[in-house]
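To start, the structure under review is shown below, and the notes come after it.
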Amino acid sequence: MNKSQAEIPEDIQKELIKYNPLVQRLLFNRGIKTGSDAETFLNPDFEKRYDPFLIKDMERAVVRLFEAVESNERVVIYGDYDCDGIPASVVMHDLLKKIGYENFEVYIPHRHNEGYGLNTEAIDKLVKAGAKLLITVDLGITNVDEVAHAEVSGLDVIITDHHEVPENLPKAYAIVNPKTGGYPDPMICGAGVAFKFVEAFLQKYGEYFDVKPGWEKWLLDMVGLATLSDMVPLIDENRIFAYYGMKVIKKNKRPGLQKLFSKLRLDPRNLVEEDMTFSVAPRINAASRMAEPIRAFELLSSQDPVVIDERAKLLTDLNEERKKLVAQYMKKAKSTLKERQSKSVIVIGDTAWQAGILGLVAGKLADEHKCPVFVWGGGAEAL
Numbered sequence: 260m261n262k263s264q265a266e267i268p269e270d271i272q273k274e275l276i277k278y279n280p281l282v283q284r285l286l287f288n289r290g291i292k293t294g295s296d297a298e299t300f301l302n303p304d305f306e307k308r309y310d311p312f313l314i315k316d317m318e319r320a321v322v323r324l325f326e327a328v329e330s331n332e333r334v335v336i337y338g339d340y341d342c343d344g345i346p347a348s349v350v351m352h353d354l355l356k357k358i359g360y361e362n363f364e365v366y367i368p369h370r371h372n373e374g375y376g377l378n379t380e381a382i383d384k385l386v387k388a389g390a391k392l393l394i395t396v397d398l399g400i401t402n403v404d405e406v407a408h409a410e411v412s413g414l415d416v417i418i419t420d421h422h423e424v425p426e427n428l429p430k431a432y433a434i435v436n437p438k439t440g441g442y443p444d445p446m447i448c449g450a451g452v453a454f455k456f457v458e459a460f461l462q463k464y465g466e467y468f469d470v471k472p473g474w475e476k477w478l479l480d481m482v483g484l485a486t487l488s489d490m491v492p493l494i495d496e497n498r499i500f501a502y503y504g505m506k507v508i509k510k511n512k513r514p515g516l517q518k519l520f521s522k523l524r525l526d527p528r529n530l531v532e533e534d535m536t537f538s539v540a541p542r543i544n545a546a547s548r549m550a551e552p553i554r555a556f557e558l559l560s561s562q563d564p565v566v567i568d569e570r571a572k573l574l575t576d577l578n579e580e581r582k583k584l585v586a587q588y589m590k591k592a593k594s595t596l597k598e599r600q601s602k603s604v605i606v607i608g609d610t611a612w613q614a615g616i617l618g619l620v621a622g623k624l625a626d627e628h629k630c631p632v633f634v635w636g637g638g639a640e641a642l
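Residues in the sequence shown are numbered consecutively from 260, following the working numbering.
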């Protein structure tokens, strides 16, 4: 008998007595066994999020940013190219714009030309352009050599990341990662960590910059999008981010999302989570898979109607092209696999296959054949 079939113990049934049997079953299957836990799960409360300063190095990080702003130092937000890193970069961008700071740029590496994470060529270019402080979002926790290179070059690095913490940490100015210990919810995504950074910064300096308390809630559209897209567990603080993120998204205040919803013929008032994960997120990810990820960032951060219209059309077209290529590659892969006897491990590819599509093809083949899959093509490979 599996968990979904197991009888709910009588004491737990009593705890969940106010809910109908189906809801009781769904709650029990998610490990929720008390009335208070059920109430928290079903009715997220924004006021029950955690103090951002519980994350190690948060104080040090926000003080360093304040010092950079006060000294008019060149700041770089260095973000990952997926639908967590891009919204996280928008969160940091919007903070700096809100406090009236202009001496900064957002840098998102090219998926194919630069790869994931920090790279020394980009660091050298940024230092040459005068950067003094680099803040990563959704990356950096494994970039030991690159951070050392940056620090030697006179560039302070603040890492904000949520990925697993390696044994050998980079010697960054500060590392803001909920998995470094002490934070009650270590499973928040990269945009969630960026939001906690914004919360901490405004708690400490919001009055100084004349930012009204609560302004940061408008950033939850990006945090909600990233939380739903990054497939993190929708419990605890993540559930708060997703729940209130959808509320902000439905208010439809961000011009880039407005345009994207229009092209997708989605009514913001009736949006559900699947609209974000299956319609919006693939178009954000299409930018890095098929072209340049900065285009998706520009869509979500811009206030220029011309830029927004161009970027929304571009991402929509890129996503259509991406779907066609995946279908083509899958058709060829299935044809090739028909001729093979053993499929305990699949290795397949073509030099003409685009690198940004390989992971999608690998995932589909792994789901279909229930085995490890290695897909190669275009000078890159995906497991």
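C-beta atoms are modelled at their ideal positions from N, C-alpha and C, and glycine is treated no differently.
- Here the alpha carbons of residue 363 and residue 318 stand approximately 21 Å from one another.
- Residue 605 is bridged by DSSP to 632.
- DSSP places residue 496 inside the alpha helix (DSSP H), whose first and last residues are 495 to 510.
- Here residue 591 carries a helix assignment [DSSP, helix/strand/coil].
- Annotation: the region 434 to 484 contains the following complete segments of the alpha helix (DSSP H) (minimum length 4 residues), in chain order: 449 to 464.
- For the options 617, 604, 570 and 571, the alpha carbon positioned closest to that of residue 586 is the one of 617.
- Residue 399 and residue 509 have their C-alpha atoms roughly 32 Å apart.
- Considering only 571, 610, 619 and 593, the residue with the shortest C-alpha distance to residue 581 is 619.
- With fewer than three CB-CB distances shorter than 8 Å, the region 364 to 372 does not count as touching the region 409 to 424.
- Annotation: the continuous beta strand (DSSP E) that includes residue 395 extends over 390 to 396.
- Exposure of residue 594 is indicated by the presence of fewer than 16 other C-beta atoms within 10 angstroms of its C-beta.
- With respect to the C-alpha of residue 502, the residue from 277, 552, 341 and 535 having the closest C-alpha is 535.
- Here DSSP, grouped into helix, strand and coil, assigns residue 267 to coil.
- Sequence-distant Cβ neighbours of residue 602 in its own chain, meaning closer than 8 Å and more than five residues away, are 596, 628 and 630.
- Linking residue 541 to residue 441 through their CA atoms gives a straight-line distance of about 34 Å.
- In the three-state scheme derived from DSSP, where H, G and I count as helix and E and B as strand, residue 418 is classed as strand.
- CA-to-CA, the gap between residue 611 and residue 591 works out to about 12 Å.
- For residue 336, the beta-bridge partners assigned by DSSP are 365 and 394.
- Sequence-distant partners of residue 332 (beyond 5 residues in either direction) whose C-beta falls short of 6 Å from its own C-beta, in its chain, are 391 and 392.
- Going by C-alpha positions, residue 408 is about 36 Å away from residue 474.
- Between residue 394 and residue 340, the C-beta gap is not smaller than 8 Å, which leaves the two residues out of contact.
- Around the CB of residue 401, 16 or more other CB atoms lie within 10 Å, so the residue is classed as buried.
- Taking all protein chains in view, the Cβ of residue 286 is crowded by 16 or more other Cβ atoms within 10 Å, so the residue is classified as buried.
- Taking the Cα positions, residue 571 is about 6 Å away from residue 519.
- In terms of CA proximity to residue 309, 495 leads the group 525, 569 and 495.
- In this structure, DSSP gives residue 317 a helical state, which the three-state scheme calls helix.
- Looking at 543, 372, 316 and 293, the one whose alpha-carbon comes closest to that of residue 484 is 543.
- In the DSSP assignment, residue 378 falls outside any alpha helix (DSSP H) and carries neither an H nor an E.
- Taking every protein chain shown into account, the CB of residue 588 has 16 or more other CB atoms within 10 angstroms, so this residue is buried.
- Residues 421, 422, 423, 424 and 445 of the same chain have their beta carbon placed closer than 8 Å to that of residue 438, with the five preceding and five following residues left out of the count.
- In the DSSP annotation of this structure, the continuous segment of the alpha helix (DSSP H) that includes residue 287 starts and ends at 280 to 288.
- DSSP places residue 527 within a helical segment (H, G or I) once states are collapsed to three.
- With fewer than 16 other Cβ atoms from the protein chains shown falling within 10 Å of its own Cβ, residue 276 counts as exposed.
- Nearest neighbour of residue 412 by Cα position, chosen from 383, 566 and 551, turns out to be 383.
- Pairing residue 479 with residue 500 gives a Cβ-Cβ distance under 8 Å.
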